[in-house]
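Visitor: Residue numbers (the working numbering), protein chains in the order written: chain C, 2 to 431; chain F, 21 to 333; chain R, 12 to 269. Beta carbons are placed, not taken as given, at the ideal position from N, Cα and C, and that holds for glycine.
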Amino acid sequence: MEEKFDVIIVGAGLAGSAAAYRLAQEGLEVVLIERGPYPGAKNLSGGVLYGRVLNDLIPEYWKDAPIERYITNQRVAFITEQAFFNIDFKNQVFSQTPYNAVSVLRGKFDRWLGEKAEEAGAMLVPGIRVDKVLIEDRRAVGVVAGDEDMRADVIIAADGANSFLAQQVGLRGRFETGHLAVGVKELIGLPRETIEERFNLTGDEGVAYGVVGFATRGVAGGGFLYTNKESISVGLVMHLDELIETGVKPAEVIEDFLAHPMVAPLIRGGKLLEYGAHLVPEGGLAMMPRLAMDGMLVTGDAAGLSVNNGFVVRGMDLAIASGVAAAEAVLEAKKKNDFSAQGLSAYQRLMDESFAMKDMRTYAGAPAFMKNDRLYEAYPEMLVSLMTQIYHHDGAPKQHLVPMVMKSIKESKLSLFDLAVDGLKGARSL
Amino acid sequence: MAKEMWVFAEKPALQAELLACAKTLGDAAAAVVLGNQAAVDQAFAQGADKVFWLGEKPDHLLLDDYVPTLAALLKEQKPAGMLVGATRRGKAIAGRLGAALGVTVLADVKKFIAEGDSLQVSHMVFGGAAVRLEKAVTDIMLATVSFGIVEALPPDPSRKGEVVKVAFVEPKWKAVLRERKPRPPSSVNLAAAKKVVCPGRGIAKKEDLEMIFELARLLEAEVGATRPLTEGLDWLPRERYIGVSGAFVKPDLYLGVGVSGQAQHTVGITESRVIVAINKDGEAPLFSQSDYGIVGDLYQIVPALINALKARK
Amino acid sequence: MNIIVCYKLVPDPEDVVAKPDGSISLDQAEWIISDYDLMAIEAAVQLVEANGGKVMALSVGPSQLANSKAKKDVLSRGPDELYLVVDDGLRDADTSLTARTLAAAVAKLGEFDLILTGEGSADLYFQQVGMQLGELLGLPTFNAISKVEWSGGKLAVERSLEDEVEALEVPAPAVLAVTTDINQPRLPSMKEILKAGKKPVVEWTLGDLAVQDGLAQRVEVLSVRSPKQVNRKQIRIEGKPEEAAQALIGHLSKEGVL
Ligand SMILES: Cc1cc2nc3c(=O)[nH]c(=O)nc-3n(C[C@H](O)[C@H](O)[C@H](O)COP(=O)(O)OP(=O)(O)OC[C@H]3O[C@@H](n4cnc5c(N)ncnc54)[C@H](O)[C@@H]3O)c2cc1C
Ligand SMILES: Cc1cc2nc3c(=O)[nH]c(=O)nc-3n(C[C@H](O)[C@H](O)[C@H](O)COP(=O)(O)OP(=O)(O)OC[C@H]3O[C@@H](n4cnc5c(N)ncnc54)[C@H](O)[C@@H]3O)c2cc1C
Ligand SMILES: Nc1ncnc2c1ncn2[C@@H]1O[C@H](COP(=O)(O)O)[C@@H](O)[C@H]1O
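#1: Would you identify the three-state DSSP class for Pro282 of chain C, choosing helix, strand or coil?
#2: Tell me the rounded alpha-carbon separation between Leu90 of chain F and Leu126 of chain F.
#3: Is Leu135 of chain C helix, strand or coil when you go by DSSP?
#4: Report whether the distance from the Cβ of Gly270 of chain C to the nearest heavy atom of ligand 2 is below 7 Å.
#5: To the nearest angstrom, report how far apart Val52 of chain F and Gly147 of chain F are at their CA atoms.
#6: Considering only C-alpha positions, which residue in the set C:Val31, C:Asn163, C:Leu241, C:Val105 is nearest to Val49 of chain C?
#7: Quick one: list the residues of chain F neighbouring Gln139 of chain R, beta-carbon separation under 8 Å, in chain order.
#8: Leaving aside the five residues before and after Asp116 of chain R along the sequence, list all residues of the same chain whose C-beta is less than 8 Å from its C-beta, in chain order.
#9: I want to see whether chain R comes within less than 8 Å of Ser280 of chain F, judged by CB atoms only; does it?
#10: Can you name, in chain order, every residue of its own chain whose Cβ lies under 6 Å from the Cβ of Leu238 of chain F, other than the five neighbours on each side?
#11: Which class does Met21 of chain F belong to by DSSP, given the choice of helix, strand or coil?
#12: Is DSSP giving Pro219 of chain F helix, strand or coil here?
#13: Is any beta-carbon of chain R found at less than 8 Å from that of Tyr71 of chain C?
#14: Output yes if chain F places a C-beta closer than 8 Å to the C-beta of Lys83 of chain R; else output no.
#15: Taking its Cβ as the centre, do 16 or more other Cβ atoms sit within 10 Å of Trp42 of chain R, making it buried, or is it exposed?
#16: Output, in chain order, the set of chain R residues within a Cβ distance shorter than 8 Å of Thr107 of chain F.
#17: Measure the C-alpha to C-alpha separation of Arg199 of chain C and Arg112 of chain C and round it to an integer number of angstroms.
#18: Can you tell me the Cα-Cα spacing of Glu329 of chain C and Glu122 of chain R, whole angstroms?
#19: When you check each C-beta in the region 149-161 of chain R against every C-beta of chain F, which residues fall closer than 9 Å?
#20: Tell me, please, whether the CB atom of Ile44 of chain R is closer than 8 Å to any CB atom in chain C?
#21: Using the DSSP secondary-structure output, state which residues sit across from Gln343 of chain C in a beta bridge.
#22: Which residue's Cα is closest to the Cα of His143 of chain F: F:Gly288, F:Pro305, F:Leu306?
#23: Can you tell me whether Lys43 of chain F is helix, strand or coil according to DSSP?
#24: If you run the structure through DSSP and keep just helix, strand and coil, what is Val157 of chain F?
#25: In three-state DSSP terms, what is Ala297 of chain F?
#26: By the 9 Å beta-carbon criterion, what residues does the region 174-200 of chain R contribute toward chain C?
#27: Under the assumption that Leu113 of chain R contacts Val126 of chain C (Cβ atoms under 8 Å), give the Cβ distance between them as a whole number of angstroms.
#28: What does Leu69 of chain R pair with, by DSSP beta-bridge criteria?
#29: Excluding sequence positions up to five away, which residues of its chain have a Cβ less than 6 Å from the Cβ of Asp5 of chain F?
#30: Let me check you understand the geometry: is the CB of Leu318 of chain F closer than 7 Å to at least one non-hydrogen atom of ligand 2?
#31: With 16 other CB atoms within 10 Å as the buried threshold, where does Thr247 of chain C fall?
#32: Just list the alpha helix (DSSP H) runs in the region 124-205 of chain R, keeping only unbroken ones of 4 residues or longer that don't cross its boundaries, in chain order.
#33: May I ask you to list, following chain order, the residues of the region 242-260 of chain R that have a beta carbon less than 7 Å from some beta carbon of chain F?
#34: Go ahead and pull the three-state DSSP assignment for Met2 of chain C.
#35: Please state if the CB of Ser45 of chain R and the CB of Ser171 of chain R are separated by a distance shorter than 8 Å.
#36: Leu210 of chain F and Glu234 of chain F - do their beta-carbons sit closer together than 8 Å?
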């Protein structure tokens, strides 16, 4: 008789490793299959992890995990071609443990979480790419890789944004280009002291920038810049359909972004260590597939779990949350020895109750709001024009603020109606 | 006591270079020679001050069977060291001698640096990404040395010297030689070439090398290769490959055709005077290490070059 | 037949970082099985598949060797057992100390018919350790082996030298270093990777072995630095093939190299 495991998890990203850790903790026989030579080898994020959920899974994780910096400064930057306008928010509360957010490098961090899962007893199988889910009687019973197959009671798809496992079994349709974004990122090495001096940081404090405006050459999306210990993660997330429409090349836009007057001085003298591009699911709730079928669950990016509201890109915490919820559901199913969609239904329930789905709902309108072109051109222009009027001393007497604002609005070709509508939409969806 | 540096190489051309090198390292250079009287004379002509003569090799013996003889000789004579020609067989012999005598073996030395009384050597490590400088700490130093470290001296047939006959020591084990299949003889000495045309994996078929050889003829250049063409594909003899594990060249002109420019290869060409790259991929690393680069399909560029060179003649 | 296969764990040469001051940093390097030793492992596994017996993988080196991923990696490629000498005293071991340590470990391994090594290690590529090991053990020792067969207690091998291929009959046990083109190593399969976690691993330290002549090194490493860079002109020649060819010839004749 062929060997059968309790659970096979495909993909040792954060969703997969979190699920494997939780299941192995409870003594289940878990196989965690990863196509890269080690977990995280190919994974890409901007790199700010909202860590609360990880702290629930692995208390005081920061003591052991390879975190780069804890984020104490959140900045939002509106940029035009020539200028920029920052909102800087620093709160000492953010430097208390458990940290609100930390910056991480996936190559190290995913590897660590994968090792945690292994230590807990999961069997990590690196260097193997799963080709498809094995289906018998419309039920997932295993996976196929090359000329081998392997069986388990439950398959957890944690294979990331372009999960073709979820597509193959029909849990989700082909993602529409309108529901996907492309993230590009460069990792730029700089000495620790330079980073701390440039960003005004002490010790392991860190900064996270969300950037809106010219950064994306008018393509819907946003930019980010995060500090690590000895490097800076800087990149863009842009809507796929608009990239296709406009023919704008991510690799070119990111070069513009790096040369922008706001970004260039921050990375000056740095050395390019890594460049990567990756899909980001961005359809929000609208793109979420069914999460379960007989014998199978979908987690993390594979389930479309990510939030991008222009200022923050989030997916890692949602991935962990969904991995843990999937694991809990399998544990419940195991008690009843029922691995049907019904038996695994706790997953949907746990997700619905968790912050992850709440956030997904909160930001349900964000993708559409984000696609508003005004966000990328008119608003940053307006803000910059306004700030220019306030600060640019050309000898003319300063006006009161209201007329200045009106002038800026006029110059930016925004109608008051647009403003009102966007203001309302934004308030509701962000 | 005079410091003697010995030389042992299966290839006469390599022996000549090693002798020239040995003369710079010791007060006297001696060659350990396996062969007939002519081979002994040749060693003297190449600069040996003394020859340890193993006699002629009977057909059933392998050169490797002389390791116990060499070990006994080294133990008795205690020279400062012995440079062993870094052919494959030479590397095996040097390793076994080192272990038998408990002395240092320095592999694939690229440079010898005399520092007062001690001898430092450098060689490539990490596939050419680094140069390591090291020093032998035993009384006898064994080093394997390839072509191209030192130029051979002009032969002087009038030179003579002392010949010491060496008795054969029976080895403890023997392999039986069943068959010898000669490879096509290749007497390339890339290290000495003034111009080198080097095809790489950009060449699609073995037959297409013909065009490279024609280009080389017109340029009066030797044909080198990247390693994949010689090992794995076996299109060209191994002696032709350039790089960290192959030959180091220092021609006036190196022309890489369909060569990507991986460090393991390019460490072998850094001493070229002019480097030219032809590659269809404008991002190929070789371009940044070249003086002139043509981005294009070698199947168009090489024939165009051949025509242009012919027209010039 | 029982085969011992020696492999080395090395910092991935692709992760070697040259610092601006010319020094070399291995801090970011992933430690992997030396490329060329994969062929030795594959050769051992194929021989045992064809003739029965077992493959014992053997490596000596610093603490990275004991990493569980590294251990699973080698075992997932087919060896039945793994023997390690893990000691930070071996961090920069010269070929002699490596060979002497291997010889001492081999002495503890029991009966074997063949020891295989790779052509050379991917970091040092001295092509020495196998040869020294064979001599220390007093066994028939050859390098450049491009084919091995086992029949009637003897090894029939082919040795690819520069000008010829020798077909040799070598008495067993012997130490052979294989070429890089002797085979195409297979990729580990899912099942082999899972099995790897359950195979026996024996770890020793230098203290557990009787290493001949102690731990003294015979070579002193003075420095490891990135090679001198030559700045090149980097002139790009544009145009149709004919024009580019003419332009190149123009440049080369100006350089005086035609
Ligand atoms: C540029 C960019 C910036 C981002 N910034 C942030 C940020 O700052 N904060 C944040 O929280 N999120 C961010 N995200 C989103 C975040 O990266 C993802 O939401 C998160 O990685 C999802 O985790 P996951 O485990 O679901 O999938 P992944 O991390 O994609 O992991 C999937 C794993 O499955 C493996 N795999 C895939 N297919 C197979 C197969 N067939 N067989 C075997 N293995 C397979 C992959 O190799 C991979 O290891 C960013 C994304 C991008 C692209
Ligand atoms: C420890 C170690 C030692 C090594 N030692 C050596 C060594 O000593 N010497 C050595 O050479 N290698 C060595 N290698 C191998 C080395 O790493 C590279 O793999 C090798 O040099 C690449 O050879 P290449 O440039 O011919 O092939 P590739 O890297 O495959 O490059 C082929 C190039 O041809 C171009 N091309 C393809 N088609 C065309 C066309 N029609 N027209 C124009 N251009 C075209 C491609 O763009 C590409 O850039 C070693 C490797 C290791 C790990
Ligand atoms: N530390 C080691 N442990 C086991 N085998 C080794 C070690 N170092 C080298 N070898 C073997 O010896 C061969 C030659 O190594 P080298 O002499 O370093 O080029 C390698 O291909 C390995 O098979």
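Guide: In this structure, then:
#1: Counted from its first residue, the first sequence places residue 282 of chain C at position 281. Pro282 of chain C: strand per DSSP, three-state reduction.
#2: Taking the first residue of the second sequence as position 1, residue 90 of chain F is located at position 70. Taking the first residue of the second sequence as position 1, residue 126 of chain F is located at position 106. Those two C-alpha atoms are separated by around 17 Å.
#3: By 1-based counting over the first sequence, the position of residue 135 of chain C is 134. If DSSP states are grouped into helix, strand and coil, Leu135 of chain C belongs with the strands.
#4: Residue mapping note: residue 270 of chain C aligns to position 269 of the first sequence, counting from 1. No; taking the cut-off as 7 Å, the Cβ of Gly270 of chain C has no heavy atom of ligand 2 nearer than that.
#5: Numbered from its first residue, the second sequence carries residue 52 of chain F at position 32. Numbered from its first residue, the second sequence carries residue 147 of chain F at position 127. Those two C-alpha atoms are separated by around 32 Å.
#6: Mapped onto the first sequence, residue 49 of chain C falls at position 48. Closest option to Val49 of chain C, Cα to Cα, is C:Val105.
#7: Walking along the third sequence from the start, residue 139 of chain R turns up at place 128. Gln139 of chain R reaches chain F at Lys111, Ala114, Gly115, Gly118, Val125, Ala127, counting residues in chain order whose Cβ is nearer than 8 Å.
#8: Indexing the third sequence from 1 puts residue 116 of chain R at position 105. It is worth fixing the name first, because residue 116 of chain R is Ala in this sequence and not Asp. Correct list, in chain order: Leu69, Val71, Tyr94, Val96, Trp215, Leu220.
#9: In the second sequence, the residue the question calls residue 280 of chain F occupies position 260. So, not an interface residue.
#10: Residue 238 of chain F sits at position 218 when you count from the first residue of the second sequence. Hits under 6 Å: Leu329.
#11: Locating residue 21 of chain F in the second sequence gives position 1, counting from the first residue. With a pLDDT of only 45 at Met21 of chain F, under the threshold of 50, the placement of this residue in the model should not be trusted, and no figure is reported.
#12: Within the second sequence, the letter at position 199 stands for residue 219 of chain F. Strand, per DSSP.
#13: Within the first sequence, numbered from 1, the residue matching residue 71 of chain C stands at position 70. So, not an interface residue.
#14: Taking the first residue of the third sequence as position 1, residue 83 of chain R is located at position 72. No, Lys83 of chain R lies away from the interface with chain F (no Cβ there is under 8 Å from its Cβ).
#15: Within the third sequence, residue 42 of chain R is the residue found at index 31, counting from 1. Label assigned to Trp42 of chain R: buried.
#16: Here residue 107 of chain F corresponds to residue number 87 of the second sequence, with the count starting at 1. Chain R residues near Thr107 of chain F: Leu172, Glu173.
#17: Counted from its first residue, the first sequence places residue 199 of chain C at position 198. Counted from its first residue, the first sequence places residue 112 of chain C at position 111. Pairing Arg199 of chain C with Arg112 of chain C, the inter-Cα distance amounts to about 30 Å.
#18: As a first step, residue 329 of chain C is located in the first sequence; it is residue number 328 there, counting from the start. As a first step, residue 122 of chain R is located in the third sequence; it is residue number 111 there, counting from the start. Those two C-alpha atoms are separated by around 51 Å.
#19: Gly149, Leu150, Pro151, Thr152, Phe153, Asn154, Ala155
#20: Numbered from 1 along the third sequence, position 33 holds the residue referred to as residue 44 of chain R. Ile44 of chain R does not count as touching chain C.
#21: Position 342 of the first sequence, counted from the first residue, corresponds to residue 343 of chain C. Gln343 of chain C pairs with nothing; no bridge assigned.
#22: Translated into the one-based positions of the second sequence, residue 143 of chain F becomes position 123. That would be F:Gly288, whose Cα lies nearest to the Cα of His143 of chain F.
#23: Position 23 of the second sequence holds residue 43 of chain F. Lys43 of chain F: helix per DSSP, three-state reduction.
#24: The residue given as residue 157 of chain F occupies position 137 in the second sequence. Coil, per DSSP.
#25: Here residue 297 of chain F refers to the residue found at position 277 when the second sequence is read from its first residue. Residue state, collapsed to three classes: strand.
#26: Leu198, Pro199, Ser200
#27: On the third sequence, residue 113 of chain R is found 102 positions in, with the first residue counted as 1. On the first sequence, residue 126 of chain C is found 125 positions in, with the first residue counted as 1. Wrong, their Cβ atoms sit about 31 Å apart, outside the cutoff.
#28: Against the third sequence, residue 69 of chain R aligns to sequence position 58. Leu69 of chain R is bridged to R:Cys17, R:Tyr94.
#29: Coverage of chain F is limited to positions 21 through 333, which leaves residue 5 of chain F absent and any answer about it impossible.
#30: Working through the second sequence from its first residue, we reach residue 318 of chain F at position 298. Yes; taking the cut-off as 7 Å, the Cβ of Leu318 of chain F has a heavy atom of ligand 2 nearer than that.
#31: For the purposes of this step, residue 247 of chain C is taken as residue 246 along the first sequence, with counting starting at 1. Burial is judged here by how many other beta carbons sit within 10 angstroms of a residue's own beta carbon; Thr247 of chain C has fewer than 16 and is exposed.
#32: 140-148
#33: Arg243, Lys244, Gln245, Ile246, Arg247, Ile248, Pro252, Glu253, Ala255, Ala256, Gln257, Leu259, Ile260
#34: The residue given as residue 2 of chain C occupies position 1 in the first sequence. For Met2 of chain C, the predicted structure reports a pLDDT of 46, less than 50, and the residue's modelled location is therefore unreliable. A value from the coordinates is still provided. Coil.
#35: Within the third sequence, residue 171 of chain R is the residue found at index 160, counting from 1. Within the third sequence, residue 45 of chain R is the residue found at index 34, counting from 1. For Ser171 of chain R and Ser45 of chain R, no; Cβs fall outside 8 Å.
#36: Along the second sequence, one-based indexing puts residue 234 of chain F at 214. Along the second sequence, one-based indexing puts residue 210 of chain F at 190. Contact flag unset, no.
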